[in-house]
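Everything below concerns the one structure shown next.
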């Protein structure tokens, strides 16, 4: 059996600009560039956060590969509020690539932005890091998510959030796991998108938990607490 492989791509678009409600032209260009970069990876499954920009980023790869896009709540944004996201059936009218038969591995029913923020997000990521390799064993999976999903890289490679590094706009992390192994290896780091993207918007930048609103000690303590809670199943 070939090693499991997962490729994580951050959404494209302007993170802090109010003039674009969705991905601007440069974001669509980056999405097409990412699809070209992934064309030779033998992608078998495409998973995407349900947010519009991630869907727009995943769409070129779906077109190039002929694969559907499976909406996975586990890949949703830090501070996800499910009540502001359209249901898959509603999205299907203008994203016919969506697989309506897919059931998300992680169901988010309440806002993650509460008094425990961002603990719920970190626990969700740790849970998905356990579920996804089992669900897609032996397959090469492309995951389209957000900058904070660098936590998934930390979970799969068993490092701290700070050690996982940063995620560039439309950056690509490639991780592999040999049969029988439990810890994944980073083959390509997503902190730099220059190998496939010609330009970046002036308002976008690589983001990591070192850029978090909390200091390094606080964020690492939250990570350890999330891991502890997931271990005991609280």
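Numbering (my numbering), first residue to last: 1178 to 1411.
No residue lacks a Cβ here, since even glycine has one placed at the ideal position from N, Cα and C.
All figures in this text were calculated on a predicted structure; none of them were measured in a lab.
Checking the sheet assignment: what are the DSSP bridge partners for residue 1384?
Paired residue(s): 1344.
Is the beta carbon of residue 1341 less than 8 Å from the beta carbon of residue 1327?
Yes. Within cutoff.
Restricting to Cα atoms, I'd like to know which of 1347, 1243, 1362 is closest to residue 1377.
Of the listed residues, the one whose Cα sits closest to residue 1377 is 1347.
For residue 1255, does the three-state DSSP call read helix, strand or coil?
Residue state, collapsed to three classes: coil.
Counting only the same chain and skipping the five closest in sequence on each side, list residues whose C-beta sits under 8 Å from that of residue 1239.
Excluding sequence neighbours, residue 1239 sits near 1223, 1245, 1246, 1274.
Buried or exposed for residue 1359, going by 16 or more other Cβ atoms inside 10 Å?
Answer is exposed; the Cβ neighbour count stays below 16.
Under three-state DSSP, which class holds residue 1327?
If DSSP states are grouped into helix, strand and coil, residue 1327 belongs with the helices.
What's the call for residue 1271, buried or exposed, on a 16-neighbour Cβ count within 10 Å?
With fewer than 16 other Cβ atoms within 10 Å, it is exposed.
Check whether the segment 1299–1311 and the segment 1228–1237 touch, using three or more Cβ-Cβ pairs below 8 Å as the test.
No, the segment 1299–1311 does not touch the segment 1228–1237.
Indicate whether residue 1279 and residue 1248 have their beta-carbon atoms separated by less than 8 Å.
Result yes, Cβ atoms of residue 1279 and residue 1248 sit closer than 8 Å.
Mind the definition here: the segment 1321–1340 touches the segment 1387–1403 only if three or more C-beta pairs lie below 8 Å; say whether that holds.
Touching, per the Cβ criterion.
Using the Cα positions of residue 1284 and residue 1225, report the straight-line distance between them to the nearest angstrom.
Their Cα atoms are separated by approximately 14 Å.
Determine the direct distance from the alpha carbon of residue 1282 to that of residue 1309, and round the result to whole angstroms.
One C-alpha to the other measures close to 8 Å.
Let me check understanding here. Comparing Cα to Cα, which of 1317, 1306, 1314 lies closest to residue 1329?
Answer by Cα proximity: 1306.
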